[in-house]
Every structure is written in structure tokens, then in C-alpha cells.
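First up is the structure itself, then whatever we jot down about it.
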Amino acid sequence: YDMIIMIMSNIVREATTVLLYHLILTNCYSECLTLPHRSSQQPRQRMPLRQHGGHPELLDAITKFSPSLTMDACRVFHGRGGSYPGADHLTLDYYPPAFLLTSFRQLPEEELGSYGDALEELWDKNYKSASVAVEEDGDPGDPTHAMPLAWVYQCRAERGNSTTRVMAGRISEPHVVTENDGRDKFLVHLERGQNHGLFLDMAEGRAWLRRRCALGEAISVLNLFSYTCAFSVAALNGGAGSVVNVDMSRGALKIGQRNHEINGLAQTGRARFLGHDLFKSWGKLKRL
Numbered sequence: 209y210d211m212i213i214m215i216m217s218n219i220v221r222e223a224t225t226v227l228l229y230h231l232i233l234t235n236c237y238s239e240c241l242t243l244p245h246r247s248s249q250q251p252r253q254r255m256p257l258r259q260h261g262g263h264p265e266l267l268d269a270i271t272k273f274s275p276s277l278t279m280d281a282c283r284v285f286h287g288r289g290g291s292y293p294g295a296d297h298l299t300l301d302y303y304p305p306a307f308l309l310t311s312f313r314q315l316p317e318e319e320l321g322s323y324g325d326a327l328e329e330l331w332d333k334n335y336k337s338a339s340v341a342v343e344e345d346g347d348p349g350d351p352t353h354a355m356p357l358a359w360v361y362q363c364r365a366e367r368g369n370s371t372t373r374v375m376a377g378r379i380s381e382p383h384v385v386t387e388n389d390g391r392d393k394f395l396v397h398l399e400r401g402q403n404h405g406l407f408l409d410m411a412e413g414r415a416w417l418r419r420r421c422a423l424g425e426a427i428s429v430l431n432l433f434s435y436t437c438a439f440s441v442a443a444l445n446g447g448a449g450s451v452v453n454v455d456m457s458r459g460a461l462k463i464g465q466r467n468h469e470i471n472g473l474a475q476t477g478r479a480r481f482l483g484h485d486l487f488k489s490w491g492k493l494k495r496l
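In this text, residue positions in the sequence shown follow my numbering: the first is 209, and each later residue adds one.
Below is the structure:
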């Protein structure tokens, strides 16, 4: 294989690290695969807490965000990694048209209310007066309705366990989001499971791989711990000749196959999906 991709973490599919091994001696480590961060020599000063609670950096990120119903999915706020003092437990993602707030600590209801108010204010500013056709309460797309805010809160305070609450609006199914200016499509599921089908903190890694494939530097790709095969979609849409996806979860691979279908890649014969436990299947990998 020209490239092997491994996404691993303490629970394997909670992808917090991307290891890209480029086996044809290209300068694959010249580009950063993590989200932008500040130098440790210039720590960010704490912002004063607002009266209504909530972390000020997250509240500012919400205020400055400009959501669109047709934009790519993205991470709005990344508190993990120490870039924002006191916000290591917080992330906010936008899976159009819904927001997902994730906390690795239990949040008090007052703080959740602060984030909800900020999101409501942001959404009203963008869509309260907009004529957006939505289907609500049996009304088949009355154009006089404004698109309501939808946001979900997931608490992951207990290791290996999570609770999910829909705080406002509703999440439509199937829920398809995009990357790469709308060219890469992915199914997501915000209301169930600890993971949601697409790790947005890995967007730069997928963009990196897509560029390498477009340059012809990765013709064949081995995607280990592939989860729902988002890297496979990025590679194939970037021009890779073939991808082998390996994951122990056949359910995740099934979603991965659907991702290939909605991208028009299912009939190309360029992707394979193997439901193997990698730690017990090294012999099988050698025979690929």
C-alpha cells in the first residue's frame, strides 16, 4: 500500500490521534494534522466570566460563528488540548443544520442554559426572519416558517459512557453532512451512540489525504480502524485507485458502505470493507 491510515485512541474508535505512514518516502510530516494551536510560550489570558455563566471562550466562539444551512460540517470550538484555560472538557460541532455540544464533565443546567441562549441568539440573527421551507407539525414545507434552532448536548463525564439530550428542535433522519466544499458526503447520527459517524477534529487529516491522492502520491490506501470510512471517501474522491477499510465493527462498516453509496463510489469496485479485529488479524492483513 502507498499509504496506511490508522485512527486509534483508548477506545479505538474515539479518534483523537491520526497516524499517517506514507510508505513511499514523501514528506508526509511536513504538514500539521492537528487543529491550530497557540504557542505554549504565549498562554492565552483568561477572559472574565459573564454574569449568566458559561465559559467565555465558547460563548465568544458561538457569537462569532456564521452558520449556513449549506456549509460543510465543522468544529466551532475545540477546547481539548489546553488552548483555552478551563475549557479542556468542551467542544462544539456544527453538523448542519444542528449543533452538538460535547462535555467531558457534567455541566450544570444554568451553564447549559447560557449556551442555549447564545445559540438561540445566533440562530435568530441568521434565520428568524428568513423564509426557509421546513416541514413542521405536518405542514409540508410552508415557506413562511423559519428554520428552528436544533442543538444536542452529549455528556461524557463517565469514561466509556455517555448521555445525549436534544435540547432544542429536532434532528431529521437521514442526516447527511458534507466536507470538501460539498463534494464529500457523510451520514451522521447525533441522537444515538457515543460517536456520531464523522470526527470533525479529523477534517484536516482527511484534507491532507485528499491532497496526496490528488497528486498521485497515494494510489492504494489501507484504512485501519476505519470506523465509518470517512477517510476512504476522502481518498477515493481525491483520486486514489483503491482503499481497503478494516474495522472490527460491522455496523460501522455498514454505515461506511452507505457513505460510499451516497458519494457514487459503491459501484466503482475501488473500496473493500473487512470486518476484522486488527489485533487478531495480522495474518489476514498480510494476505491482502
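Note that CB positions come from ideal geometry on N, CA and C, so glycine has one too.
| Check | Outcome |
| --- | --- |
| Can you tell me which of Ala-442, Phe-481, Ser-380 and Asp-268 puts its alpha carbon nearest to the alpha carbon of Ile-463? | Phe-481 |
| Considering only the alpha carbon of each residue, which of Val-385, Ala-411 and Pro-305 lies closest to Trp-359? | Pro-305 |
| By Cβ distance, which residues of its chain are closer than 6 Å to Gly-377, with the 5 residues on each side in sequence left out? | Pro-356, Leu-357 and Ala-358 |
| Arg-478 and Ser-450 - do their beta-carbons sit closer together than 8 Å? | yes |
| Can you name, in chain order, every residue of its own chain whose Cβ lies under 7 Å from the Cβ of Leu-298, other than the five neighbours on each side? | His-263, Leu-266, Phe-285, Gly-287 and Ser-311 |
| From this set, Gly-446, Ser-440 and Leu-444, which residue's C-alpha is nearest Asn-453's C-alpha? | Ser-440 |
| Taking the alpha helix (DSSP H) that Asp-301 belongs to, which residues open and close that run? | Asp-301 -> not in any alpha helix (DSSP H); beta strand (DSSP E) instead, spanning 298 to 303. |
| Name the residue from His-397, Gly-261 and Arg-364 whose alpha carbon lies nearest to the alpha carbon of Asp-296. | Arg-364 |
| Identify every run of the beta strand (DSSP E) within the segment 418 to 493, keeping only runs that are complete inside it and at least 3 residues long; order them along the chain. | 428 to 432, 450 to 454 and 479 to 482 |
| Per DSSP, His-286 forms a beta bridge with which residues? | Thr-299 |
| Suppose the cutoff is 6 Å on Cβ atoms and the five residues either side in sequence are ignored; what does the same chain contact list for Leu-461 look like? | Asp-455, Phe-481 and Gly-483 |
| Following the continuous alpha helix (DSSP H) through Ala-326, name the residue where it begins and the one where it ends. | 317 to 335 |
| With DSSP as the reference, label Thr-271 as helix, strand or coil. | helix |
| Taking C-alpha atoms, which residue in Cys-282, Leu-277 and Arg-367 lies nearest to Gln-314? | Arg-367 |
| Determine which residues share a DSSP beta bridge with Asp-409 and list them. | None; Asp-409 has no bridge partner. |
| Can you give me the C-alpha to C-alpha distance between Phe-394 and Tyr-303, rounded to a whole angstrom? | 10 Å |
| In this structure, does DSSP put Arg-414 in helix, strand or coil? | helix |
| DSSP three-state call for Glu-265: helix, strand or coil? | helix |
| Would you report the Cα separation of Gly-446 and Leu-430, rounded to the nearest angstrom? | 15 Å |
| Pull the bridge partners of Asp-392 from the DSSP assignment, please. | Glu-387 |
| Measuring CB to CB, does Ala-442 end up less than 8 Å from Arg-466? | no |
| Pick helix, strand or coil for Tyr-292, following the three-state DSSP scheme. | coil |
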